[in-house]
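Notes to accompany the following structure.
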Amino acid sequence: DGGITQSPKYLFRKEGQNVTLSCEQNLNHDAMYWYRQDPGQGLRLIYYSQIVNDFQKGDIAEGYSVSREKKESFPLTVTSAQKNPTAFYLCASRWQGTNQPQHFGDGTRLSIL
Amino acid sequence: DAKTTQPPSMDCAEGRAANLPCNHSTISGNEYVYWYRQIHSQGPQYIIHGLKNNETNEMASLIITEDRKSSTLILPHATLRDTAVYYCIVSSGTYKYIFGTGTRLKVLA
Chain V
1 DGGITQSPKY LFRKEGQNVT LSCEQNLNHD AMYWYRQDPG QGLRLIYYSQ IVNDFQKGDI
61 AEGYSVSREK KESFPLTVTS AQKNPTAFYL CASRWQGTNQ PQHFGDGTRL SIL
Chain Z
114 DAKTTQPPSM DCAEGRAANL PCNHSTISGN EYVYWYRQIH SQGPQYIIHG LKNNETNEMA
174 SLIITEDRKS STLILPHATL RDTAVYYCIV SSGTYKYIFG TGTRLKVLA
C-alpha cells in the first residue's frame, strides 16, 4: 500500500540528547513537510522540502534540523537546543502541482524523560 | 496564505447531515479551500478541496460561496466515526498550510 510512514510512534528523550524522527513515503511525492502539534492546537510548520537536496525553514525551525538526500525520505532531528520538544510531530507530502493536497502520516509522539 | 475562522465545536445527530462552516474573508484569487479531519492521536486525513465550484466526493461535499469568502463542508449522513476535529485551510498550494484550532464535531447516537 502506498503511504507515509512515520517511526517510531512513541519516542522518549533524555534532556540534552538529540533525537531523529523518521518519515518515509512511497507515493512518489515531490514535496515533504514537518509539522508540530501541541495539545489542543493546530499544526505549525517546522521545515519543508520541495525537491531533493533542498529545504526551507517554516515558522518554528529553531532547535530542529532536516535533510533530504532521497526523494522518499525526510528525517527530522530534534536537537538539544529545542527548549520544549515534547509534542506530536507530523510528516506530510504532496505532488508539486499547485492545488495538490498534502497527505499526512500518523505522527510520532515525543516525550522528554 | 489567508486565515480561516471556524466555530470551536458542533454536535450532530447520527444519520443527519453535518454542516461545518468556515469563514475565509481574505482569500485571494489563487487560493484553494482544503478540508481535513483529525481523530485523536492520528494524522490529519484529507477530505476534499476546491477553488470556486462546489465539489463532491465519496466522503463529503464542499460548498463555496460565490464571493469565496466562506465555505461549508457537508457530511451527508454523519456516523459516530465522523467524530473528529475538522480543519478548514486556504492555501495557494505551493507549500504552506496555516492550521487554526478547527471545529470539534461530536456525532451523537
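In the order they appear, the protein sequences are chains V and Z. Counting from 1, one number per residue, gives the positions in the first sequence under our numbering. Counting from 114, one number per residue, gives the positions in the second sequence under our numbering. Cβ atoms here follow ideal geometry from the backbone N, Cα and C, with glycine treated the same way.
Give me the DSSP bridge partner(s) of residue i.
{"i": "His137(Z)", "result": "The partner list for His137(Z) (beta bridge, DSSP) is empty, contrary to what the question assumes."}
{"i": "Trp148(Z)", "result": "Ile161(Z) and Cys201(Z)"}
{"i": "Leu221(Z)", "result": "Ala126(Z)"}
{"i": "Thr214(Z)", "result": "Note: Thr214(Z) sits in no beta bridge, so no partner."}
Taking residue i as the query, report the chain Z residues whose CB atoms sit under 8 Å from its CB, ordered along the chain.
{"i": "Tyr48(V)", "result": "Tyr208 and Lys209"}
{"i": "Gly107(V)", "result": "Ser154, Gln155 and Gly156"}
{"i": "Leu90(V)", "result": "Gly156 and Pro157"}
Over what stretch of residues does the beta strand (DSSP E) that includes residue i continue unbroken?
{"i": "Gly163(Z)", "result": "Gln158 to Gly163"}
{"i": "Asp124(Z)", "result": "Ser122 to Ala126"}
{"i": "Met32(V)", "result": "Ala31 to Gln37"}
{"i": "Phe88(V)", "result": "Ala87 to Arg94"}
{"i": "Thr108(V)", "result": "Thr108 to Ile112"}
Using a Cβ cut-off of 8 Å, pull out every chain V residue sitting near residue i, in sequence order please.
{"i": "Gly213(Z)", "result": "Gly42"}
{"i": "Ser205(Z)", "result": "Thr98"}
{"i": "His162(Z)", "result": "Asn99 and Pro101"}
Compute the Euclidean distance between the alpha carbons of residue i and residue j, then round it to the nearest angstrom.
{"i": "Asp95(V)", "j": "Gln102(V)", "result": "According to the sequence displayed, residue 95(V) carries Trp and not Asp. Straight-line Cα distance between these residues: approximately 8 Å."}
{"i": "Thr63(Z)", "j": "Thr214(Z)", "result": "This structure does not reach residue 63(Z), given that chain Z is present from 114 up to 222, and the question cannot be answered."}
{"i": "Tyr210(Z)", "j": "Val203(Z)", "result": "7 Å"}
{"i": "Asn234(Z)", "j": "Glu15(V)", "result": "A query on residue 234(Z) cannot be resolved here, the shown segment of chain Z reaching from 114 to 222 and no further."}
{"i": "Pro75(V)", "j": "Arg129(Z)", "result": "42 Å"}
{"i": "Phe104(V)", "j": "Ala92(V)", "result": "4 Å"}
For a contact meaning CB atoms closer than 7 Å, what does residue i contact in chain V?
{"i": "Tyr145(Z)", "result": "Asn99"}
Answer with yes or no whether the minimum CB distance from residue i to chain Z is below 9 Å.
{"i": "Phe74(V)", "result": "no"}
{"i": "Leu45(V)", "result": "yes"}
{"i": "Phe12(V)", "result": "no"}
{"i": "Leu27(V)", "result": "no"}
Under a CB-based cut-off of 9 Å, is residue i close to chain V?
{"i": "Cys199(Z)", "result": "Reading the sequence as shown, one finds Tyr at residue 199(Z) and not Cys. It does not: the Cβ of Tyr199(Z) has no partner Cβ on chain V nearer than 9 Å."}
{"i": "Pro157(Z)", "result": "yes"}
Which bits of chain Z does residue i rub up against, with CB to CB less than 9 Å?
{"i": "Phe104(V)", "result": "Tyr149, Gln151, Gln155, Gly156, Pro157, Gln158 and Tyr159"}
Can you name the residues of chain Z whose CB is closer than 7 Å to the CB of residue i?
{"i": "Ala31(V)", "result": "Tyr208"}
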